[in-house]
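This report refers to the structure that appears directly beneath it.
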C-alpha cells in the first residue's frame, strides 16, 4: 500500500476564521473586571455618528428645589418657583480614537498553525481593549487623566501617550481636594492602624501617614455619611449618592486596594462583625478571602487603583496628578473609590471594530487592529453662564475619592 503524503498548499480562505466586531466587542466586555456595574454605576451612551474630537452630550437631571405653592396657588408662576425649569444639564464628553495593531512575523511563524496564531492575536487584542476600558473608567473616577496599563503606580510618569501626545479619551474631573469636614466628594483621612480608633480627616494632605490614617471600618462609615448628606451647614441642598441594586439589595460599592484590604482585616470591628454575623465554616468571608459587605457598602478588592509614594520630592514626588503636592517622605497613599448610581459615563462614538489585514505588500505578514472612538467622564454638574462651560467643583454625582495611607 502506498504511503499517504500530506502536502500543505496555499491557505484556503474559507477555512480562515473571520472574527467580526460583534464577537470582539462581546469578548472585550466579558473580560472587563468592571462589567457587573454597567447600567448602574457606569452609564453607557451611544452616538455612532460621532467622529474624532466630537462631543457626545449625556443628559443629566439635577436636584429640584423650591417650596412649591399652597392653597389655590398659581402653578403658572415662575416667580414663586411653582413652575421652575427642570434642572436638566448636559455632560459633554469628548470622544477620541484609540486603538492598537499586532502582527505575526511572517509566513514561517504562521506555518501550519495559521488558525491558532490568528486566534491568539485576537485574544491578545481583546485582552488589551478590556484592560484599557477598565483603566479608563478607574482613571476617570479617580479624577485623573488616562494612564497606561500599569501606570496607576507611576503617577504622572505613567500617563497614556502616543509619543508626547496625551491620549485624551478620559475627560479629567479633578477632585476638589477640600480637606476636613467641608468636603463633599473627596475624603483624606483614616484611623489608627493598631487600635482602630478613628483619627478623622486631615487638614493637610501631605500629613497622611500609615500609623494614624489607615483604612478601616470607621473610614467606611464616615465616607458613607458624606455620601448620604442631603444638606450642608448653610442649608443648601445636596444631591446624595444613591445605592445600586446588587442581588436584590440596595448597596454602595467601594473599590479598595489589596493593601487597604489588609488594613481592613486588621480592624477589630471588622473581624468581630464577621465573627458574629457570618455563617460558620470555610464559606465565612474571613476564611474565604471575600471582603463582603459592611454598613451597606460592598467592598471589592482590586489592584487597578492608583497609589503614590513620597520621598520629599526626591523620587516619585507627585501626588497622583499633582507635581506640587507631595506624599510625606516614606509614606504611600492609596486611592479607593466609593461608588453609587450613575458615577461615570462611557460614551461610544463608533462601534469598536476588529480588522484583519496584511502589513506588507507581499502579503506575508498577517496582522489585525482594533479601533474604538470613545470618551469617559465622571458624572458631575457641568454648567456655565458664559461661553466657556466649566465643571462645578465638588459636584460629582456618584463617586467619592478616598485617600488613605498604607504601610
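In this note's numbering, the protein residues as written are 13 to 419.
In this text, a Cβ means the ideal position worked out from N, Cα and C, and glycines have one as well.
Computed from a prediction, not measured in an experiment: that's the story for all the values here.
With a CB to CB cut of under 6 Å and the five nearest residues on each side skipped, what residues in its chain are close to residue i?
i           : result
residue 415 : 200, 345 and 347
residue 298 : With a pLDDT of 47 at residue 298, under the threshold of 50, the modelled position of this residue cannot be trusted; read the value that follows with caution. Excluding residues within five positions, the ones whose Cβ falls inside 6 Å are 286.
residue 242 : 250 and 252
residue 27  : Summary for residue 27: the model assigns pLDDT 39, below 50, so the residue's position carries little reliability; its value from the coordinates is reported in the next sentence. Excluding sequence neighbours, residue 27 sits near nothing in its chain.
residue 145 : 44
residue 419 : 222
residue 133 : 114 and 380
residue 397 : For residue 397, the pLDDT reaches just 47, beneath the cut-off of 50, and the residue's location in the model is therefore unreliable, although a value from the coordinates is still provided. Around residue 397: no qualifying Cβ.
residue 18  : Because the pLDDT at residue 18 is just 40, under 50, the model does not fix this residue reliably, and the point stays unresolved.
I'd like to know whether the C-beta atoms of residue i and residue j end up nearer to each other than 9 Å.
i           : j           : result
residue 390 : residue 185 : yes
residue 202 : residue 191 : no
residue 333 : residue 197 : no
residue 375 : residue 116 : no
residue 102 : residue 72  : yes
residue 276 : residue 350 : no
residue 66  : residue 361 : yes
residue 129 : residue 257 : no
residue 331 : residue 217 : yes
residue 404 : residue 187 : no
residue 189 : residue 337 : yes
Note down, in chain order, each residue of its chain lying with its Cβ closer than 7 Å to the Cβ of residue i, except the 5 sequence neighbours on either side.
i           : result
residue 136 : 114
residue 152 : 182, 356, 388, 389 and 390
residue 279 : 208, 228 and 229
residue 84  : none
residue 244 : 250
residue 50  : 56
Report all residues from its chain with a CB closer than 8 Å to the CB of residue i; omit the five preceding and five following residues, and keep chain order.
i           : result
residue 255 : 262, 263, 264, 308, 352 and 353
residue 55  : 70, 354, 356, 357, 358 and 391
residue 178 : 157, 158, 171 and 172
residue 343 : 220, 221, 222, 321, 322 and 417
residue 490 : The requested residue 490 is not part of the displayed model; the chain covers only 13 to 419.
residue 57  : 68, 70, 105, 357, 358, 359 and 360
residue 2   : The question about residue 2 has no answer, for the chain in this structure spans 13 to 419.
Pick from the options: whose alpha carbon is nearest that of residue i?
i           : options               : result
residue 42  : 107, 72 and 140       : 140
residue 48  : 259, 82, 68 and 66    : 259
residue 214 : 225, 207 and 208      : 225
residue 138 : 312, 40 and 217       : 40
residue 147 : 340, 247 and 314      : 314
residue 104 : 310, 410, 134 and 393 : 393
residue 246 : 142, 341 and 194      : 194
residue 2   : 402, 175, 409 and 206 : Nothing about residue 2 can be read from this structure; the chain reaches only from 13 to 419.
residue 112 : 169, 364, 86 and 239  : 364
residue 240 : 339, 411 and 283      : 411
residue 46  : 81, 80, 131 and 143   : 143
residue 131 : 368, 373, 204 and 155 : 368
residue 236 : 169, 310 and 86       : 310
residue 180 : 271, 107, 339 and 82  : 107
Tell me the DSSP secondary structure of residue i in three-state form.
i           : result
residue 102 : strand
residue 56  : strand
residue 332 : coil
residue 348 : strand
residue 225 : coil
residue 234 : helix
residue 415 : strand
residue 15  : Since pLDDT at residue 15 reaches only 49, below the 50 mark, its modelled position is unreliable, and the value read off the structure follows with that caveat. In the structure shown, residue 15 sits in coil (DSSP, three-state: anything other than H, G, I, E or B).
residue 135 : helix
residue 428 : Here the chain comprises residues numbered 13 to 419, so residue 428 is not present and cannot be evaluated.
residue 130 : helix
residue 364 : strand
residue 300 : Below a pLDDT of 50, predicted positions are generally treated as unreliable, and residue 300, at 45, falls in that range; no measurement from the model is reported.
residue 341 : strand
residue 265 : strand
residue 325 : In this prediction, residue 325 scores a pLDDT of 42, lower than 50, which makes its location untrustworthy; no coordinate-derived value is stated.
residue 173 : strand
Under 9 Å, Cβ to Cβ, is there at least one residue of chain B near residue i?
i          : result
residue 40 : The chain inventory of the structure shown lacks chain B, comprising one protein chain alone.
Fill in: Given 8 Å, three or more beta-carbon pairs between the segment 153-173 and the segment 312-319
yes
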